[in-house]
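**Q**
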């Protein structure tokens, strides 16, 4: 299986735009992340399981949200990153939720598409500040 490391940079978003949207709503800065999983022919009949491990703090705001890893004067406050898979929040650390069985050769290559977007953790305008936001997510892929 082969999926390279990658970095996704979201476009900047104005605070006024972020505050005007409901929490968890899609913003104009949302980015699609495409992961390609390529397996050898010997994988036919096996199951591929994958799960998501946030690096840093998991937000108490809900599933799929990772708190900002940056702190200090350059950091945005009360803004994290929201990861979704097929439009639903990613469930972190769940090693049973995401899998597929390779039943034929056409399934040896599979694409998993997810999105990353800003998440506003407060409705209070003074709690949300401008700045940089960083979140990291590890995707573990296992063949059984």
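Residue numbers (the working numbering): 734 to 877. A virtual CB, placed ideally from N, CA and C, is assigned to each residue, including glycine.
Using CA atoms only, rank isn't needed, just tell me which of 752, 778, 766 and 867 is closest to residue 838.
**A** Nearest of 752, 778, 766 and 867 to residue 838, Cα basis: 778.
**Q** Please determine, among 876, 870 and 806, the residue with the shortest C-alpha to C-alpha distance to residue 817.
**A** Answer by Cα proximity: 870.
**Q** For residue 767, which residues in the same chain have their Cβ closer than 7 Å to its Cβ, ignoring the five residues on either side in sequence?
**A** Hits under 7 Å: 844 and 846.
**Q** When burial is assigned at 16 or more other CB atoms within 10 Å of the CB, is residue 801 buried or exposed?
**A** That one is buried.
**Q** Note the first and the last residue of the continuous beta strand (DSSP E) segment covering residue 768.
**A** Counting along the chain, the beta strand (DSSP E) containing residue 768 begins and ends at 764 to 771.
**Q** Name the DSSP bridge partner or partners of residue 826?
**A** Answer is none; residue 826 lacks a bridge partner.
**Q** Quick one, are the C-beta atoms of residue 854 and residue 741 less than 8 Å apart?
**A** It is not a contact, given that the beta carbons lie outside the stated cut-off.
**Q** With distances taken between CB atoms, is the gap from residue 717 to residue 789 smaller than 8 Å?
**A** This structure gives no information on residue 717, because the portion of the chain shown stretches from 734 to 877.
**Q** Out of 842, 865 and 745, which has the shortest C-alpha to C-alpha gap to residue 780?
**A** The option with the nearest alpha carbon to residue 780 is 842.
**Q** Are there 16 or more other CB atoms within 10 angstroms of the CB of residue 820, so buried, or fewer, so exposed?
**A** Exposed, since its Cβ has fewer than 16 Cβ neighbours within 10 Å.
**Q** Leaving out five residues before and five after residue 834 in sequence, what residues of the same chain have Cβ atoms less than 7 Å from its Cβ?
**A** Here the set comprises 780.
**Q** Any chance the CB of residue 788 is under 7 Å from a heavy atom of the ligand FMN?
**A** Questions concerning the ligand FMN fall outside what the structure shown contains, since it holds no ligand whatsoever.
**Q** Can you tell which of 782, 743 and 811 has its C-alpha closest to the C-alpha of residue 763?
**A** The option with the nearest alpha carbon to residue 763 is 743.
**Q** I think residue 786 touches residue 873, with their Cβ atoms under 8 Å apart; what is that distance to the nearest whole Å?
**A** The pair is a contact, with the Cβ atoms about 6 Å apart (cut-off 8 Å).
**Q** Where residue 868 and residue 776 are concerned, what is the direct C-alpha to C-alpha distance, given to the nearest angstrom?
**A** So the alpha carbons of these two residues sit roughly 32 Å apart.
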